[in-house]
Amino acid sequence: MDSDTIAAAFPSTIQCPAEIRALCDWTTANGYPISGYFELRDHDDETLRCWFGTERAIGDLAQFGAGADGSLYCVWRSPDGSFPIVHLGSEGDAILVLSPNAVDFLRLLAIGYDEIGFADLASPPTDEDRDENVNPTFQAWVTETFGVVIPDTGVEIFDLDAPKHAALQKWIDERCG
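Throughout the sequence shown, residue numbering follows this note's numbering, covering 15 to 191 in sequence.
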């Protein structure tokens, strides 16, 4: 999926982060897997209509990826003006704020969890998961391109008890049909 396709599919209310565009370009040049089962997928309003059962979330979420089970990875236009990366489980479960921004999302991807939205982010991936899901070329690209360190666990990026999780759940509950 090229960066222009992903960016063009974003709703006009949310700008595609430069880091997500860069991820698209990296994937075009290097292919899959990026990390675990994550894949790029362009946004379409119909997916959000189906997930929410209503139109009320359109314009506030921009999907850019998916998991193997159909879970959504989105940029959320939060009421506080921030644009964190969120995970919406395919069955309405595993609703999480994954990172405060796109760079930290790339760091999270690079850790090597198979399914980020369902992983125990307080623990590092198992050795087996690391063997299957870590892409050293992707890790090197993230660290060199963005000048960041790949942590051992997801909670080093975003606290699972952060108030932002409750805010996301409340926001979703207010919009579900």
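We treat Cβ as the ideally placed atom computed from N, Cα and C, and that holds for glycine. All figures in this text were calculated on a predicted structure; none of them were measured in a lab.
Using a 10 Å radius around the Cβ and a threshold of 16 neighbouring Cβ atoms, would you call residue i buried or exposed?
i	result
V156	buried
G67	exposed
P177	exposed
D166	exposed
P139	buried
G95	exposed
Q82	Strictly speaking, residue 82 in this sequence is Ala, with Gln absent from that position. The residue in question, A82, is exposed, as its Cβ has fewer than 16 Cβ neighbours within 10 Å.
A32	exposed
A154	exposed
Whole angstroms are fine: how far does the CA of residue j sit from the CA of residue i?
i	j	result
S17	A80	16 Å
C64	R91	19 Å
N51	A133	The sequence shown places Tyr at residue 51, rather than the Asn named in the question. So the two alpha carbons sit approximately 12 Å from each other.
E60	A108	21 Å
A21	R35	7 Å
G8	D128	Residue 8 lies beyond the stretch modelled for the chain, which goes from 15 to 191, so this question has no answer here.
T42	M15	7 Å
V13	D141	A question about residue 13 goes unanswered here, because the residues of the chain that appear run from 15 up to 191.
N115	W40	18 Å
L86	C38	16 Å
E146	F152	14 Å
I28	H179	20 Å
V148	V89	23 Å
K184	P93	11 Å
F97	I125	22 Å
Return the chain-ordered list of same chain residues with a C-beta closer than 7 Å to the C-beta of residue i, the five sequence neighbours on each side being excluded.
i	result
T19	D56
F119	I99, L112 and S113
R189	F66, T68, R70 and A71
I186	I109
Apart from the five residues just before and just after residue i, which ones in its own chain have a Cβ nearer than 8 Å to its Cβ?
i	result
A136	T167, G168, V169 and L174
With a threshold of 6 Å on Cβ separation, who are the neighbours of residue i within its own chain once the five nearest residues in sequence on each side are excluded?
i	result
V162	R121
Going by the C-beta, is residue i closer than 6 Å to any heavy atom of the ligand GDP?
i	result
Y46	The ligand GDP is absent from the structure shown, which contains no ligands of any kind.
The segment 43-51 / the segment 99-109 touching (three or more Cβ pairs under 8 Å): no
Length-filtered (3 minimum) beta strand (DSSP E) runs lying within the segment 66-142: Counting only runs of 3 or more, we get 75-80, 86-90, 99-102 and 110-113.
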